[in-house]
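Q:
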Amino acid sequence: MDQEQLIKIAEELYQEAFDANAYFLIMQQYREMQKEYLLEMRLSSVFYSVVYEALQKACFIELAKLYDRTNGAYSIGTMLKCCKENLSFFSEFRNTVEIEDDGKKYVFSVPYQHSLKSEEECFFEEEVRAQKSINKVFNISSSDAAPVTVDLSFREFLELYQKRYVALSKKRDNMSEQRNKIYTHNDKKGILNQEEVLEKNPLFYTDMQELIEFALDATGLIVGALTGVCKARSYSNIDDWEGTLMFARLGLKYQDYDQEQKEKPYLTRV
Numbered sequence: 315m316d317q318e319q320l321i322k323i324a325e326e327l328y329q330e331a332f333d334a335n336a337y338f339l340i341m342q343q344y345r346e347m348q349k350e351y352l353l354e355m356r357l358s359s360v361f362y363s364v365v366y367e368a369l370q371k372a373c374f375i376e377l378a379k380l381y382d383r384t385n386g387a388y389s390i391g392t393m394l395k396c397c398k399e400n401l402s403f404f405s406e407f408r409n410t411v412e413i414e415d416d417g418k419k420y421v422f423s424v425p426y427q428h429s430l431k432s433e434e435e436c437f438f439e440e441e442v443r444a445q446k447s448i449n450k451v452f453n454i455s456s457s458d459a460a461p462v463t464v465d466l467s468f469r470e471f472l473e474l475y476q477k478r479y480v481a482l483s484k485k486r487d488n489m490s491e492q493r494n495k496i497y498t499h500n501d502k503k504g505i506l507n508q509e510e511v512l513e514k515n516p517l518f519y520t521d522m523q524e525l526i527e528f529a530l531d532a533t534g535l536i537v538g539a540l541t542g543v544c545k546a547r548s549y550s551n552i553d554d555w556e557g558t559l560m561f562a563r564l565g566l567k568y569q570d571y572d573q574e575q576k577e578k579p580y581l582t583r584v
């Protein structure tokens, strides 16, 4: 595999993660919109029901592709493996800085700076303990909640993501079972006893969100390191659906107003 092929694979996986995230974010909005705009959504109740189910299936299928373990399939796991086998494609550090002083040149390597997520702190126990202790000494508010930042070489960054990938194994297995028995194959158990499949292989919305977040993190790192491009994680206007429902609400109000105007002459005569 050459560097261009790895870039193409990473960008394709990134797009799948981006799409899965878009579907997931709109599904989250669906529950919120139902609370605030139930009357407006009832104007097209079948449409919204079908769209929600389609989004759910599409999100699941994209996730299943991202973590596919079928021989010959490229996934997040195979991408990380390819990166480990081809470390020469990557710069060990984010940047290098040259400083000249008294005619002498000094070269400094600038590491990647990474703010640890809660699920990553277990891999940096000493660094987390040290930074949180310093925060308390200087009376920094919310010292326990403040993110811990670590300096990493690319090799260390990749190792961190490989550890996170392994930590997701149970959730990946549950997703794979649901995909095989319910979503992509007419499996006998999936048809006759779907509840048992779901009970034995649960996958909650929080699990799906974690799998999506990791896919975006991993593909974002690789694409960024190879191309210098920082990829977006979602559409900037991902929440524009509410605007449509607001117009629907306004239309319903004017509908009531028009009806009142039509009935006004008859009420006046009486």
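The opening residue of the sequence shown carries number 315 in our numbering; numbering runs sequentially from there. Where is the CB? At the ideal position from N, CA and C, for every residue including glycine. Given the structure is predicted, the values throughout are model-derived calculations rather than measurements.
In whole angstroms, give me the CA-to-CA distance for Thr558 and Met347.
A: In the sequence shown, residue 558 corresponds to position 244, counting from 1. In the sequence shown, residue 347 corresponds to position 33, counting from 1. Approximately 11 Å between the Cα atoms of the pair.
Q: Checking 8 Å against the spacing of the C-beta atoms, do Leu339 and Ala532 come in under that value?
A: As a first step, residue 339 must be located in the sequence shown, where it is residue number 25. As a first step, residue 532 must be located in the sequence shown, where it is residue number 218. Cβ atoms of Leu339 and Ala532: not closer than 8 Å.
Q: So, for Leu540: in the same chain, excluding its five sequence neighbours on each side, which residues have a beta-carbon less than 8 Å away from its beta-carbon?
A: Taking the first residue of the sequence shown as position 1, residue 540 is located at position 226. So the list reads Gln317, Leu320, Ile321, Ala324, Phe403 and Phe404, once near-sequence residues are dropped.
Q: How many Å lie between Lys431 and Tyr475 at the Cα?
A: Start at 1 with the first residue of the sequence shown, and residue 431 comes out as number 117. Start at 1 with the first residue of the sequence shown, and residue 475 comes out as number 161. Going from the Cα of Lys431 to the Cα of Tyr475 covers about 12 Å.
Q: With respect to the beta strand (DSSP E) encompassing Glu414, which residues constitute its N-terminal and C-terminal limits?
A: By one-based count along the sequence shown, residue 414 stands at place 100. Run containing Glu414: Asn409 to Asp415, per the beta strand (DSSP E) assignment.
Q: Going by beta carbon distance, what residues of the same chain come within less than 8 Å of Tyr366, once the five residues before and after it are set aside?
A: Here residue 366 is taken as the residue at index 52 of the sequence shown, counted from 1. Around Tyr366: Met341 and Tyr344.
Q: Expressed to the nearest angstrom, what Euclidean distance is found between the alpha-carbon atoms of Asn488 and Leu512?
A: Position 174 of the sequence shown holds residue 488. Position 198 of the sequence shown holds residue 512. Going by the C-alpha atoms only, they are around 9 Å apart.
Q: In or out: Cys373 buried (at least 16 other Cβ within 10 Å) or exposed?
A: Locating residue 373 in the sequence shown gives position 59, where the first residue counts as 1. By the 10 Å Cβ count, Cys373 comes out buried.
Q: Assuming Leu525 contacts Tyr381 (C-beta within less than 8 Å), just tell me the rounded distance between them.
A: If you number the sequence shown from 1, residue 525 lands on position 211. If you number the sequence shown from 1, residue 381 lands on position 67. Leu525 to Tyr381, Cβ: 7 Å. Contact.
Q: Please name the residue or residues paired with Phe422 in a DSSP beta bridge.
A: Here the question's residue 422 lines up with position 108 in the sequence shown. Looking at the DSSP assignment, Phe422 forms a beta bridge with Val411.
Q: Return the chain-ordered list of same chain residues with a C-beta closer than 8 Å to the C-beta of Lys419, the five sequence neighbours on each side being excluded.
A: Your numbering for residue 419 matches position 105 in the sequence shown. The residues are Glu412 and Ile413.
Q: Return the chain-ordered list of same chain residues with a C-beta closer than 7 Å to the C-beta of Ala336, the five sequence neighbours on each side being excluded.
A: Translated into the one-based positions of the sequence shown, residue 336 becomes position 22. Excluding residues within five positions, the ones whose Cβ falls inside 7 Å are Ser548, Tyr549 and Ile552.
Q: Give every residue of the same chain whose Cβ lies closer than 7 Å to the Cβ of Ile536, excluding the five residues on either side of it in the sequence, and list them in chain order.
A: If you number the sequence shown from 1, residue 536 lands on position 222. Contacts found: Ala324, Met393 and Cys397.
Q: Shortest alpha-carbon distance to Leu566 belongs to which of Glu354, Lys484 and Ala481?
A: Here residue 566 is taken as the residue at index 252 of the sequence shown, counted from 1. Closest option to Leu566, Cα to Cα, is Glu354.
Q: Mapping the DSSP letters down to three states, classify Thr384 as helix, strand or coil.
A: Translated into positions along the sequence shown, residue 384 becomes position 70. Coil, per DSSP.
Q: Give a yes or no on whether the C-beta atoms belonging to Val424 and Arg443 are separated by under 8 Å.
A: Walking along the sequence shown from the start, residue 424 turns up at place 110. Walking along the sequence shown from the start, residue 443 turns up at place 129. Contact flag unset, no.
Q: Output the distance between the C-alpha atoms of Lys446 and Val462, rounded to the nearest integer angstrom.
A: Here residue 446 corresponds to residue number 132 of the sequence shown, with the count starting at 1. Here residue 462 corresponds to residue number 148 of the sequence shown, with the count starting at 1. Straight-line Cα distance between these residues: approximately 8 Å.
Q: Can you have a look at Leu352 and say buried or exposed, based on whether 16 or more other CB atoms are within 10 angstroms of its CB?
A: Taking the first residue of the sequence shown as 1, we reach residue 352 at position 38. So Leu352 counts as exposed.
Q: Tell me whether Ser467 sits in a helix, a strand or coil according to DSSP, three-state version.
A: Counting from 1 along the sequence shown, the entry for residue 467 is found at position 153. Coil, per DSSP.
Q: In the DSSP output, which residue or residues are listed as bridge partners for Gln427?
A: Locating residue 427 in the sequence shown gives position 113, where the first residue counts as 1. Paired residues: Asp465.
Q: Take the Cβ of Ile496 as the centre, count every other Cβ of all protein chains shown within 10 Å, and call the residue buried at 16 or more, exposed below.
A: Here residue 496 corresponds to residue number 182 of the sequence shown, with the count starting at 1. When all chains shown are included, Ile496 counts as buried.
Q: Within the same chain, show all residues whose beta-carbon is closer than 7 Å to that of Leu369, passing over the 5 residues directly before and after it, in chain order.
A: Start at 1 with the first residue of the sequence shown, and residue 369 comes out as number 55. Correct list, in chain order: Tyr337, Ile340 and Met341.
Q: Please state whether the Cβ-Cβ distance between Tyr519 and Phe471 is less than 8 Å.
A: In the sequence shown, residue 519 corresponds to position 205, counting from 1. In the sequence shown, residue 471 corresponds to position 157, counting from 1. Not closer than 8 Å, so no.
Q: Cutting at 8 Å between CB atoms, please list the residues of its own chain near Thr410, excluding the five before and the five after it.
A: Residue numbering aside, residue 410 sits at position 96 when the sequence shown is read from its first letter. Taken in chain order, the residues that qualify are Val421, Phe422, Ser423 and Val424.
Q: Excluding sequence positions up to five away, which residues of its chain have a Cβ less than 7 Å from the Cβ of Cys544?
A: Walking along the sequence shown from the start, residue 544 turns up at place 230. Result list for Cys544: Gly538, in chain order.
Q: Distance check for Glu441 and Val451, CA to CA, integer angstroms please.
A: Translated into the one-based positions of the sequence shown, residue 451 becomes position 137. Translated into the one-based positions of the sequence shown, residue 441 becomes position 127. Roughly 15 Å between the two C-alpha positions.
Q: Just verifying my parser: in three-state terms, what is the DSSP assignment at Leu517?
A: Position 203 of the sequence shown, counted from the start, is the residue given in the question as residue 517. Residue state, collapsed to three classes: coil.
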